[in-house]
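Participant:
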Amino acid sequence: MTIAITGMADRRPIIAAVAVHGKRAILAVQSESRIAYTPVTAEGAPRAAVGLLPALRPGPGGSITFTTGREPAAHTYLRAAPSAADPASRAAQALLSRPRLGGGSFLISTTTPRLPPDSISWLDTDAGRHAVTTTPSPDGALHTTYTPADQARISHLIARSLTKFT
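Just so we're aligned: the sequence shown equals residues 1 to 166 in UniProt numbering.
(1) Pick from 92, 96, 125 and 165: whose alpha carbon is nearest that of residue 112?
(2) What distance in whole Å lies between the Cβ atoms of residue 153 and residue 131, which are believed to be in contact at a cut-off of 8 Å?
(3) Alpha carbon to alpha carbon, how far is residue 158 from residue 64? Give it in angstroms, no decimals.
(4) Which residues share a DSSP beta bridge with residue 137?
(5) Starting from residue 100, trace the beta strand (DSSP E) in both directions and tell me its first and last residue.
(6) Excluding the 5 residues flanking residue 35 on each side, which residues of the same chain have their C-beta closer than 6 Å to its C-beta?
(7) Starting from the Cα of residue 1, find the closest Cα among 144, 107 and 8 and give me that residue.
(8) CB residue 49 to CB residue 5, shorter than 8 Å?
(9) Count the other C-beta atoms from every protein chain shown that fall within 10 angstroms of the C-beta of residue 114, then say buried if there are 16 or more, exposed otherwise.
(10) Evaluate residue 118 with the Cβ neighbour count: other Cβ atoms within 10 Å of its Cβ, from every protein chain shown; 16 or more gives buried, anything less gives exposed.
(11) Thinking C-alpha only, which one of 110, 120, 126 and 104 is nearest residue 94?
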């Protein structure tokens, strides 16, 4: 299994990966001109990946979830646009209008072809950090959730994702 990490934090790029095999793992972090390798345990792989992010408090508010359907294109004109009065829309507008300090994603994958990769993203604003997850439902709809999150919360989300591949 692999956790690929790409993003920006504190105005610097983050490019890294954690390769997990059995009970062992290795963290590889690319800097300007070199790659540094650090051995970690498989159990510690999520913490090692999230440890590359600067500490930041969780963003304000609660979780916000949006659902996008898989309707035929011919019928999309029938769907009403989200109302600006909708609490989720207002919360999302407030979150996404804040000054951004960084963001990126953790892509969790395996060599097993029948399992698609899983992505957990982060969004850092001046008000705090949010984790962003997208979950498909059986009918093909996608549920994207913005959750206030600190490093421990994101580490938990990655650990939970890794269990899908074991």
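Virtual Cβ for every residue (Gly too), placed ideally from N, Cα, C. Note that the coordinates shown come from a computational prediction; the quantities given were computed from them, not determined experimentally.
Facilitator: According to the structure data:
(1) Here residue 112 corresponds to residue number 112 of the sequence shown, with the count starting at 1. Closest option to residue 112, Cα to Cα, is 165.
(2) One-based indexing of the sequence shown puts residue 131 at position 131. One-based indexing of the sequence shown puts residue 153 at position 153. 6 Å between Cβ atoms; contact.
(3) By one-based count along the sequence shown, residue 64 stands at place 64. By one-based count along the sequence shown, residue 158 stands at place 158. Straight-line Cα distance between these residues: approximately 19 Å.
(4) The residue labelled residue 137 in the question sits at position 137 within the sequence shown. In the DSSP output, where bridge partners are listed per residue, residue 137 has none listed.
(5) The residue given as residue 100 occupies position 100 in the sequence shown. First-last of the beta strand (DSSP E) with residue 100: 100–109.
(6) Here residue 35 refers to the residue found at position 35 when the sequence shown is read from its first residue. Taken in chain order, the residues that qualify are 28.
(7) Counted from its first residue, the sequence shown places residue 1 at position 1. With respect to the C-alpha of residue 1, the residue from 144, 107 and 8 having the closest C-alpha is 107.
(8) Position 49 of the sequence shown, counted from the first residue, corresponds to residue 49. Position 5 of the sequence shown, counted from the first residue, corresponds to residue 5. Closer than 8 Å, so yes.
(9) Numbered from its first residue, the sequence shown carries residue 114 at position 114. Residue 114 should be labelled exposed.
(10) The residue given as residue 118 occupies position 118 in the sequence shown. The residue in question, residue 118, is buried, as its Cβ has 16 or more Cβ neighbours within 10 Å.
(11) Position 94 of the sequence shown holds residue 94. Per the Cα distances, 126.
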